[in-house]
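Undergrad:
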Amino acid sequence: MTDLGTTLAALPLFGLIRDGGWTMWLIAALSVVTLAVVLWKLLSLWRLGVWGGRHSARAIALWGQGRRREALDAVRGRPSARARVAQAAIGTALDPRFDDRAAREETARVARQALYRSREALRALELIATIAPLLGLLGTVLGMIDAFRVLQSAGNQADPSDLAGGIWVALLTTAAGMAVAIPAGVALSWFESIADRLQSDLEDLATRVFVAPAQPVAAPRDAVLRRPGPTHLAGAPA
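Numbering (the UniProt record's numbering), first residue to last: 1 to 238.
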């Protein structure tokens with residue numbers, strides 16, 4: 001245990017955290033939380049299938065061609081958010097137990113669940129991006145107070161190098177707070193853009209199912225050729 005403490009104390013980063021005081025420890029903890037949230041969010045979005053959409057696009061294309069059962073089979077059991085919403089829209093549209101209003105409400109329910117999952121943990125990143133620089137500023141203010149208190153107690157015998165060292169350590173917390181807040185803010189903006197794109201795609205999927213009804217399958221060419229011609233009027237030459 002002693003060897004581990006000696007090793008950590010020898011690390012430059014550990015020394016900076018130790019010299020920065022309790023606010024630096026809080027900022028360091030926020031940095032670990034930020035990294036964990038970002039990694040978890042990436043895994044969650046990958047499981048949600050936000051970067052997919054091939055199966056839902058194929059289902060909508062089949063729906064527009066009137067191949068309704070094939071459209072439903074294209075997304076049946078698919079785990080991605082777009083596929084689940086497309087399955088809900090197409091399935092309820094084909095189910096006689098659902099009228100148009102009930103089908104839209106069920107599809108909206110599935111879409112809301114997917115959007116909620118896409119926005120999970122974003123409030124945590126927003127909070128970290130807000131409070132990390134404030135903690136850094138608090139640490140700087142407290143450090144400056146200590147530095148000037150030492151200067152006051154020393155009087156005319158104050159060493160300027162000691163004052164400069166205290167100010168340097170105090171400013172360290174501000175830099176650390178910004179170093180945590182900037183990546184958290186960037187990750188937050190990126191995840192929000194992904195959620196906004198997903199919401200737009202889900203609305204488009206539902207609209208293309210409910211507002212643009214499936215077209216009937218075109219009649220075979222042979223059936224068109226066998227269609228009877230117009231009936232001749234009486235007395236007209238055959």
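We treat Cβ as the ideally placed atom computed from N, Cα and C, and that holds for glycine. If you're wondering where the values come from, they're calculated on a predicted model, not measured in any experiment.
Using three-state DSSP, classify glycine 53 as helix, strand or coil.
TA: Correct three-state label for glycine 53: coil.
Undergrad: Quick check on serine 118: does DSSP put it in helix, strand or coil?
TA: Here serine 118 sits in helix by DSSP.
Undergrad: For glutamine 152, count the other beta carbons within 10 Å of its own beta carbon; 16 or more makes it buried, fewer makes it exposed. Which is it?
TA: Classification for glutamine 152: exposed.
Undergrad: Thinking just about the alpha-carbon of each residue, which of Met144, Gly66, Ala195, Ser193 is nearest to the one in threonine 174?
TA: Of Met144, Gly66, Ala195, Ser193, the residue nearest in Cα terms is Met144.
Undergrad: DSSP three-state call for glutamine 65: helix, strand or coil?
TA: Here glutamine 65 sits in coil by DSSP.
Undergrad: Straight-line CA distance for leucine 171 to glycine 139?
TA: Approximately 8 angstroms, taken between the alpha carbons.
Undergrad: My output table needs one value for methionine 204: the three-state DSSP class, helix, strand or coil.
TA: What sits at residue 204 in the sequence shown is aspartate, not methionine. Helix at aspartate 204.
Undergrad: As a quick exercise: from Ser80, Ile90, Leu205, Asp95, pick the residue whose alpha carbon is nearest that of residue 240.
TA: Residue 240 is absent from the structure shown; the chain starts at 1 and stops at 238.
Undergrad: Report yes if the CB atom of alanine 184 is closer than 8 angstroms to the CB atom of leucine 125, and no otherwise.
TA: Yes, the Cβ-Cβ distance between alanine 184 and leucine 125 is below 8 angstroms.
Undergrad: State the Cα-Cα distance for the pair glycine 177 and isoleucine 27, rounded to the nearest angstrom.
TA: Near 6 angstroms, if we compare the C-alpha coordinates of isoleucine 27 and glycine 177.
Undergrad: Counting along the chain, where does the alpha helix (DSSP H) carrying arginine 82 start and finish?
TA: First-last of the alpha helix (DSSP H) with arginine 82: 81 to 94.
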